[in-house]
Structures are given as C-alpha cells and as structure tokens.
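Chemist: If you count the sequence shown from 1, position 194 lands on 214 in the working numbering, and the numbers rise without skipping. Positions of the beta carbon are idealized from the N, C-alpha and C atoms, including for glycine. Sharing a structure, written as structure tokens. Questions coming.
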Amino acid sequence: MKKVLCIIALMLLVAGSAYAQVTFSLTGDYWAEGKYWFNYNAGPGEKADYSERSFGFYEQDINLYPKISVGNTSLNFKVAITDVYWGANDGDGSEKITQANDDPYANDDNMQIERAFLTHKFGDKLTLDVGLMDGTQWGTTFADDKQPQWRVKFVGNTPVGAVGLVLEKNRDWGAASFGRDDYSDTIEGEDYDSYGLFMITKVGSVYIKPLLWYVNRADIFNDTFADLSAVGGSAEYDLGAAFGGSNSKLTLFNPQLAFNGDLGPVSFKAEINYKMYNLEVDGLAFDEDWETLGLYLNVWKALDAMTPGFVFAYGSYDDGIAKDIRAAGPAGAFLTNFLGSAAFDFEDDFNSTIILGDEYCWGGPGDDIQGMTLFKLYVDDIKTGIDPLTLSGYAAYVMSNQKGPAPIFDANGVLSGWQGNLYKDATAWEVALGAAYKITDNLTYSVYGAYADIDYDVTGIDDPDSVYLIANAIEFRF
21 MKKVLCIIAL MLLVAGSAYA QVTFSLTGDY WAEGKYWFNY NAGPGEKADY
71 SERSFGFYEQ DINLYPKISV GNTSLNFKVA ITDVYWGAND GDGSEKITQA
121 NDDPYANDDN MQIERAFLTH KFGDKLTLDV GLMDGTQWGT TFADDKQPQW
171 RVKFVGNTPV GAVGLVLEKN RDWGAASFGR DDYSDTIEGE DYDSYGLFMI
221 TKVGSVYIKP LLWYVNRADI FNDTFADLSA VGGSAEYDLG AAFGGSNSKL
271 TLFNPQLAFN GDLGPVSFKA EINYKMYNLE VDGLAFDEDW ETLGLYLNVW
321 KALDAMTPGF VFAYGSYDDG IAKDIRAAGP AGAFLTNFLG SAAFDFEDDF
371 NSTIILGDEY CWGGPGDDIQ GMTLFKLYVD DIKTGIDPLT LSGYAAYVMS
421 NQKGPAPIFD ANGVLSGWQG NLYKDATAWE VALGAAYKIT DNLTYSVYGA
471 YADIDYDVTG IDDPDSVYLI ANAIEFRF
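Next comes the structure, spelled out in structure tokens:
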C-alpha cells in the first residue's frame, strides 16, 4: 500500500509543480452490494435436499485510474484498492481484510497496481502502447473477460480505418529461469505467447471489427517439469516430465468478426467468434483438434419511455476432445483440464443473466453460460414519472448444446471414470426486475431481484428447487 500511495503522491506533486507540460488526471469508481440467496444450487447431480442452502453477504470494489501525461506520451494506471467481501476471513474471493487487526496471512489486504502502461502518439497516424494493459477483449462483451496482459500494441490510422498489431507475453520462461541452474536451457522456447491483427472500419452507420488472434502455448508440459521433477518436485512435475517436454503444446486460432451500429430504426451489436484448438502431447502420442463457435446478436430500440431489446447467443460444444481423452486411457487423466474448452464460454464480461450466467456460470467451469443457447427479451431504462427513478427487467430461456462423455472425479479430484454429459438435455429459464435511483449524476442506488428454474432431465437426478435472490447496491463514478 505504501508503494501505491507514494506513486499517487508523486503524480500529484509532479502535476502541481512548475513543470507546466506535465498534466495529471484521475478517474475512479466505487461499488458496494448486498445480496441474499435462496435455494442456492448450481450443479447437476445434487439432490433436492441440498437446495435448502440460503445465505447473504456484502461485497465492495474500489478502483482508481491515475494518468500522467507529457505532450503525446502518457503513463496509465489502474489501482485496485479493495475487492472484498465484508468481514470475510477466508480466501474465497476475499482479500481477508478483517474488522479489527490486520491479517498477517492475507494475500493482499491493501492495494494493487493492476494496470501500468505507456502510450505514445506519433502524430495522428500511429499509437504505441507498451506494458500491462487491458486484454482478452474485442468487439462486444460477448466471449470477453477483460484481464491485465503484458503487451506491445501498435494502432495505425489508415484511409480504410484503424489497423493494429498486438504481441502478448502471457508466460515467459526466459525470465523465470534467469540465474537458475535447475532449469534447462531448452525452456527458452517454451513460452506462452499470443499475437493479434485487427481492424476497425465503418460502412455507413455500421462499424465492422475483424480480429485474427493466435495463441501458442508451448509451456503446458515443458522441460521445466523435468528439471523440477529431477530435484524433488511434485507429482505434477513427474507427470509433465513423462509427457515429452518441449514437444508438447496447445495452439488456438481464434478469428472474430464484430459489428455494431444502426440499421434503420433499430440499433444492434453482433459477433461471430470461432475457436480452433490443437493439442499435441508427445508422451501420449496425442495430437487432436477440436473447435467451437459462438454467435451473438443484440437488437434494441431506444424509445422515449423505455428501451426494449432482444438477445440471441449461441455457444457450440465439441465432444471430440472428451472422446479422445477417454481413448487415451488412464494417462489421459492429466489432460482433463483441457475439457473446459470443449464448450464455448460466453465469458465473464458478457453477464448474460444474473443467476444462470453471472453467478452459476451454467454448463461447466467457465465464467458465464457455456455450450448453451440463450434467448432473452429485456426492457431497460423504463421511465417512471419520477425523473431520477428508472426500472428494468428481462426474461431469458436457456437450452443446452452439450453432448458426449463427461469425466467423473472422486472426492480427491482424481479421474475415476466417465459418464454421459449431465447437461445434454438441460433447460432453464430466468426472470429479473430492477430499479435504479440516480441520487446525483455520479451516484446511483439500485435494487433488483432474479428468479431461475433449472431442469436437467436426467434419470436418477433430482432437479434443484428454483433459486432466487434479492440485492441492493450503490455505485459512485467520477
């Protein structure tokens, strides 16, 4: 925390000094929310008597965005002050900020610098960004999970629109092995890198945003496993060492095409997102491909009294990778971590629905609905006659696209067998209603509730009782 406060204080000092060419700006946000859940029950296979679980909690999040500029160059930061559950003293999403004394075992009980990058504009034609900046996002929020990424990014303005290049260093074993004799020299080529080529152009009133994204994960079972296994590493390192080291890798080619704009009387956003994976593991003679497709369309009409709209979102499911891992026999147990990519994930930023999407991440281990189709009717910004007060609501229906085999894990998380996919015939629906009161231009108080019902349609498995929640929140932005 002292380092962060020193940085902010230094910015203020420099901005207020005699260096007139140096400017400082600060924006930020605060959000606090209290929720109460009734009949919380997210997973297939849980019996109905489990659905008695009800509980409530509070959480909050504070972020500051300092920026210091000199001419065409700026340093940009995001400072996360808190992202915690109130009064929590465990690690489940909490920074363990206690109500009395500081917790000496807390991972982080104060502040973190989550973004730190340089921007320079070469006139009006070229912009360079270098450092820790926003990544894993494109076009719309569909299939996006905005996270900090180490990047070098160029964006050039051309007669046909903005064109850009991205180099992303997700894991660099060269840095990890620097000065270490227990790492072999061969891991230098076993990094986790991503590369992007993108464009933003406009035709009439519609923006068109293509992206070509390539990921090369040569780090999945690299020679570091062998090095650490040799000096007494964990069982994971022993398994990794047996799987061929530098000849094992995962690649992803992910072309995307996003649109937004106006079509006659309506506004819309849309995205096509295609993912092609390849996994090679030398030690298992494993070389398999699989692919997923995501489609998204959001159409709405802004009226004086309200803004009604409709959302369609589709996420495919490829059961080929599960069949291939099952065919690999007992050694394939180490590959089950890759099964999550068999289902197209709508991802964390999409917030498809409050319960099924944002909270349950229904369909697998991802961050929103996965391997499913969503239909949602919604109405936002309903005027009430009380100027600061607006209402909103939606009704959503979800049906599964999943199929094929699914792993069974024992109480210790070890693969013990395979079964049919419990989501194969699953369906669910959800409704929600909310109200927001704008206290000032910067401060809003809101209340909302949501209700969801899930049907797995699996013999021998009881469906959970309907789940619902009530919540209220306050948000400040400046």
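1. Rounded to the nearest angstrom, what separates THR327 and TYR297 at their Cα positions?
2. Between the beta-carbon of TRP158 and the beta-carbon of GLN276, is there less than 8 Å?
3. Would you kindly work out how many angstroms separate the C-alpha atoms of THR221 and LEU231, rounded to a whole number?
4. Exposed or buried, PRO350, counting other C-beta atoms within 10 Å across all chains shown (16 or more means buried)?
5. Taking a contact to mean a Cβ-Cβ separation below 8 Å, would you say ASN441 touches PRO425 in this structure?
6. Check whether the segment 140-147 and the segment 296-312 touch, using three or more Cβ-Cβ pairs below 8 Å as the test.
7. Let me confirm a value: GLN390 is counted as buried when at least 16 other C-beta atoms fall within 10 Å, else exposed. Which label applies?
8. Flag this pair as yes or no: are the beta carbons of THR373 and ALA416 separated by less than 8 Å?
9. Between PHE75 and GLY181, what straight-line distance do the alpha-carbon atoms span, to the nearest angstrom?
10. Quick check on GLY224: does DSSP put it in helix, strand or coil?
11. Thinking just about the alpha-carbon of each residue, which of ASN61, PHE395, ILE82 is nearest to the one in ARG73?
12. Hey, out of SER486, ASP338, PHE44, TRP170, whose CA is closest to SER89's CA?
13. May I ask you to report which of helix, strand or coil DSSP gives PRO124?
14. Do you know whose CA, among ASP239, ILE228, THR156, SER268, lies nearest VAL216's CA?
15. If we ignore side chains and look at the alpha-carbon of each, how far apart do TYR227 and VAL186 end up?
16. CA-CA distance, LEU489 and TYR443?
17. Considering only the alpha carbon of each residue, which of LEU270, GLY303, ASP338, SER287 lies closest to TYR294?
18. By a C-beta neighbour count over all protein chains shown, 10 Å radius and 16 as the cutoff for buried, is THR118 buried or exposed?
19. Could you check the C-alpha separation between ASP165 and PHE429 for me, to the nearest Å?
20. Helix or strand or just coil, what does DSSP make of ILE481?
21. Output the distance between the C-alpha atoms of PHE174 and VAL150, rounded to the nearest integer angstrom.
22. Report yes if the CB atom of PHE162 is closer than 8 Å to the CB atom of PHE354, and no otherwise.
23. In this structure, how does DSSP classify PHE354 when only helix, strand and coil are distinguished?
24. What is the residue span of the beta strand (DSSP E) that LYS289 lies within?
25. If you run the structure through DSSP and keep just helix, strand and coil, what is ILE117?
26. Just to confirm, is the Cβ distance from PRO408 to LYS343 under 8 Å?
27. Of the choices TRP310, TYR56, ASP445, whose alpha-carbon is the least far from that of GLY360?
28. For ARG497, name the three-state secondary structure that DSSP assigns.
29. For ALA470 and GLU308, what's the separation of their Cα atoms in angstroms?
30. Throw me the rounded Cβ distance for the ILE475 and ASP483 pair, which I believe falls under 8 Å.
31. By the 10 Å Cβ neighbour count, where 16 or more other Cβ atoms means buried, how is SER214 classified, buried or exposed?
32. Using a Cβ-Cβ cutoff of less than 7 Å, which residues in the same chain neighbour THR47 once the five nearest sequence positions on both sides are dropped?
33. Check for me: the alpha helix (DSSP H) holding ILE240 runs from which residue to which?
34. Suppose the cutoff is 6 Å on Cβ atoms and the five residues either side in sequence are ignored; what does the same chain contact list for PHE77 look like?
35. Classify ALA452 as helix, strand or coil using the three-state DSSP reduction.
36. Suppose you measure from the CA of SER412 to the CA of ASP324; what does that come to, to the nearest Å?
Modeler: So, to answer that:
1. 39 Å
2. yes
3. 12 Å
4. exposed
5. yes
6. no
7. buried
8. Contact flag set, yes.
9. 51 Å
10. coil
11. The shortest C-alpha separation from ARG73 is found at ASN61.
12. PHE44
13. Any reading at PRO124 must be qualified, since the residue scores a pLDDT of 44, below 50, and its modelled position is unreliable; the value itself is stated next. It is coil, neither helix nor strand.
14. Rather than Val, the amino acid found at residue 216 in this sequence is Gly. Ranking the options by Cα distance to GLY216, first place goes to THR156.
15. 21 Å
16. 23 Å
17. ASP338
18. Reliability fails at THR118, whose pLDDT of 43 lies under 50, so the model's placement of it is uncertain and no value is given.
19. 28 Å
20. coil
21. 9 Å
22. Here PHE162 is not near PHE354, since their CB atoms are 8 Å or more apart.
23. helix
24. Start and end: 286-301.
25. Below a pLDDT of 50, predicted positions are generally treated as unreliable, and ILE117, at 47, falls in that range; no measurement from the model is reported.
26. no
27. TRP310
28. strand
29. 41 Å
30. The question names Ile, yet the displayed sequence has Asp at residue 475. So it is a contact: roughly 5 Å between Cβ atoms.
31. buried
32. In the same chain as THR47, and ignoring 5 residues on each side of it, the C-beta atoms closer than 7 Å to its own belong to TYR85, PHE498, in chain order.
33. Careful: ILE240 lies outside any alpha helix (DSSP H) and carries neither H nor E.
34. TYR105
35. Residue state, collapsed to three classes: strand.
36. Cα-Cα distance, rounded: 14 Å.
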